[in-house]
Amino acid sequence: MREWWLAFRYCLIVLPSSLAVMAALPLLAMGVLLTAAGGLGLVVVPRMMLILRRWAEWHRGRAARLLRVPVERLEPSRAGWREVWTSPQSRRDLRWTIQHFGVGLPSALAAVAVAGQVVNALFETPVWWLFPDDDPLRLMAVIPVRNWPMAIVLGVAQLVLGVALSRWAVPKLARLHARTCLAVLRPSAADQLAGKLAERVGELTESRSGVLDAHAAELRRIERDLHDGTQARLVAIAMRLAVAREALGDDTGFVARLVKEAHEGTEEAMTELRQVIRSVYPPILADRGLAGAVIAIAARAGLPVETDLTGLSPVPAAVETAAYFIVAESITNAAKHSGATRVSVRLAVAGTLRIEITDDGSGGIDETRGTGVAGIRLRAAALDGTVTVDSPAGGPTAITVELPCAS
Amino acid sequence: MRVVIAEDNVLLSTGLELLLGSKGIDVAAVVPDQPGLLAAVAEHRPDLVIADVRLPPTFRDEGIRAAVALRKAEPGLPILVLSQYVEKLYARELLADGTGGVGYLLKDRVSRVSQFVEDLRRVAAGGTVMDPEVIAQLMAGSGLDALTNREREVLSLMARGLGNTEISAELVVTDNAVNKHIGNIFAKLGLAVSDGGHRRVLAVLAFLNER
């Protein structure tokens, strides 16, 4: 009974919906005609298609639930004017309107008519006498009712037949519509593949940004560990060796020589370690964040650097590190190769981190030679960022880097 | 000479104590953080404060901030900031008040004991000692255009804390020549005689501020 009721309810909704869809095609045609009228159709038609898309998708969901088959939801998205005609999805939606009207309306009407016979038998038979003589109540489609015995026999007969017929027909009609609906709207294999690929790309983008952030956090931790551990230990050893050397005074014997070598070796190790740490994760970035670090780069640049960081807000660790090295590299480039007398650096966050570095140098950056731009491109590419280099011969040079900051 | 040390790493603070002790310098207190440093300075009135850049609670640049705050409360209090890396930006912030008695060195320099102790005395005496790496960052710049190369050399040695005699020894020129260079530097930087002893500090500050 529950099954039957679900099928019947399905048909009840298809009936007005299929009538309404009849209006959709003329409306759409009108929208297309409106294109000639000042291009209004360009705005209206994509919106109409989006509504149609949602409408079809709603029915597709209902059909799938009725048939108890799984379908992956398709996110309705606003298509541009061009996509309306080229996308297979739109063509499927238009075909669906024909199916919905052509199959939906007759099957829904039939289902309602069959069920209506039961309702008639139940509610009209007891009041057969209210019907006028020249137009009496007719049961079993054609037989006129003239007296009570006839009314009872025919009423019961119609009730039994109606129940039997609708139990048999209504689920079949509902399923017929549902099956054709799913068939018309089924995404093609290519679409399904494209959908899966898009989903996969989304997952990979997300997991990659997670990995990069974890990586940056790890580098920061390594910098801390080296600073507090190895580096501090080396300094402590060097201090003690220094005191030992002092104590040995002018001694030039075997032990004194060893201590001297150990001391100098430790000092070299400290210098090397400091350079390693700087290239792994700049300490100033840990201490002062990206804004402070950019100011520090500007301070040691060797030429006047103007910084505008008013639009800067916190960004993920991986983006911060990449931005630091990109700014440092660009300024070094400007100072070394372009003969610039001043550089300006602007960092701002609006969905992406935008880095703009301009200098008044001689321009003409040749990326095929080692100018550092390759390194900037590598760092940006790792974060799915973009690099634009505008450097006409004679200058000025403008490097613009956009790094996505998905949160 | 009495010093107060702000250093949270025990390995380093004991090493420093050992080293200073061997040179007859009196370590009045070793404290691990900024509040401790303020209290120890008030209690011991040291001739010199030695502070690490990274101190609790966040281990970022507390040492620089503590130094600036201390000198704001007590202008001219000699402070030597030690760090495992140097930034010209930090040097500039430390020197910004222009009163001298400031040092900024890599921790590596501690292991050159005689030089280090000499640097300590210079800072305690109101001089300015900048780490050779800071100087290297400065020399990388296009520079105070008005200065000749020789004058820039003299200025960088001044920034390292050297006196006139030491500079003349370093450059193998006469004291008179050095005096002349320094006079030219002061004149070109517009530092009047009335600025007195601070002129050297102001010259170094100008050096730090030029880009």
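As given, the protein sequences belong to chains A and B, one line each in that order. Counting along the first sequence from 1, when you hit position 390 you're at 907 in this note's numbering, and nothing is skipped either side. Counting along the second sequence from 1, when you hit position 131 you're at 301 in this note's numbering, and nothing is skipped either side. We treat Cβ as the ideally placed atom computed from N, Cα and C, and that holds for glycine.
- Taking 9 Å as the cut-off, the Cβ atoms of Leu308 of chain B and Leu276 of chain B do not count as close.
- Under the three-state reduction of DSSP, Ala915 of chain A is assigned to strand.
- Excluding sequence positions up to five before and after Trp613 of chain A, its CB lies within less than 6 Å of the CB of Ala573, Val701 and Leu702, all in the same chain and listed in chain order.
- Here DSSP, grouped into helix, strand and coil, assigns Glu589 of chain A to coil.
- Rounded to whole angstroms, the separation of the alpha carbons of Ala580 of chain A and Val588 of chain A is 10 Å.
- In chain A, no part has a C-beta under 7 Å from the C-beta of Ser338 of chain B; the shortest such distance is about 27 Å.
- Sequence-distant Cβ neighbours of Leu542 of chain A in its own chain, meaning closer than 7 Å and more than five residues away, are Thr614.
- Shown here, Asp222 of chain B sits in a strand according to DSSP, grouped into three states.
- Taking C-alpha positions only, Leu378 of chain B is separated from Ala306 of chain B by approximately 11 Å.
- When C-beta atoms of the segment 253 to 267 of chain B are compared with those of the segment 794 to 801 of chain A, three or more pairs fall below 8 Å, so the two segments count as touching.
- For Tyr274 of chain B, the nearest beta carbon of chain A is not closer than 9 Å to its own beta carbon.
- With respect to the 9 Å criterion, Val776 of chain A and Leu758 of chain A are classified as neighbours on the basis of their beta carbons.
- Beta-bridge annotation (DSSP): Pro921 of chain A is paired with A:Thr869.
- In the DSSP annotation of this structure, the continuous segment of the alpha helix (DSSP H) that includes Glu723 of chain A starts and ends at Ala706 to Leu743.
- DSSP links Met300 of chain B through a beta bridge to B:Tyr274.
- Taking a C-beta cut-off of 8 Å against chain B, the contacting residues of the segment 776 to 789 of chain A are His780, Thr783, Glu784, Met787 and Thr788, listed in chain order.
- Straight-line measurement puts the Cα of Lys193 of chain B at about 49 Å from the Cα of Ala857 of chain A.
- Put simply, of B:Asp178, B:Ala209, B:Leu264 and B:Val211 the residue whose alpha carbon is nearest the alpha carbon of Arg235 of chain B is B:Leu264.
- For Asn349 of chain B, there are no C-beta contacts with chain A under 9 Å, since the nearest C-beta of that chain is about 29 Å from it.
- A straight-line Cα-Cα distance of about 12 Å links Pro216 of chain B and Ala176 of chain B.
- Positions of the alpha helix (DSSP H) runs, each at least 4 residues long and wholly inside the segment 602 to 684 of chain A, are given as 605 to 616 and 622 to 641 in order along the chain.
- Leu188 of chain B sits in a helix when the DSSP states are folded into three classes.
- The segment 883 to 897 of chain A makes contact with the segment 910 to 921 of chain A; the number of CB pairs closer than 8 Å reaches 3 or more.
- Counting only the Cα atoms, Val272 of chain B lies some 27 Å from Glu789 of chain A.
- Our two residues, Ala753 of chain A and His744 of chain A, have alpha carbons roughly 12 Å apart in a direct line.
- DSSP places Gly548 of chain A in the helix class (H, G or I) of the three-state scheme.
- Using a C-beta cut-off of 8 Å, the segment 898 to 907 of chain A makes no contact with the segment 845 to 862 of chain A, since fewer than three inter-stretch Cβ pairs fall below that distance.
- In this chain, Val343 of chain B is not harboured by any beta strand (DSSP E), its DSSP state being neither H nor E.
- With distances taken between CA atoms, Pro563 of chain A lies nearest to A:Thr603 out of A:Tyr841, A:Thr603 and A:Gly770.
- Here Ile568 of chain A carries a helix assignment [DSSP, helix/strand/coil].
- Going by DSSP, Ile882 of chain A is part of no beta strand (DSSP E) at all; its letter is neither H nor E.
- Comparing alpha-carbon positions, the option among B:Leu359, B:Gln204 and B:Val238 lying closest to Thr228 of chain B turns out to be B:Gln204.
- If the five residues before and after Thr747 of chain A are omitted, its C-beta is found closer than 7 Å to the C-beta atoms of Leu790, all from its own chain and listed in chain order.
- One finds Arg224 and Gln254 in chain B with Cβ atoms closer than 8 Å to the Cβ of His744 of chain A, taken in chain order.
- By the criterion of a C-beta distance shorter than 7 Å, Gly672 of chain A is surrounded in its chain by Ala638, Thr642 and Leu656, once the five residues flanking it on both sides are discounted.
- Per the C-alpha coordinates, the member of A:Pro913, A:Ala839 and A:Leu690 positioned closest to Thr875 of chain A is A:Pro913.
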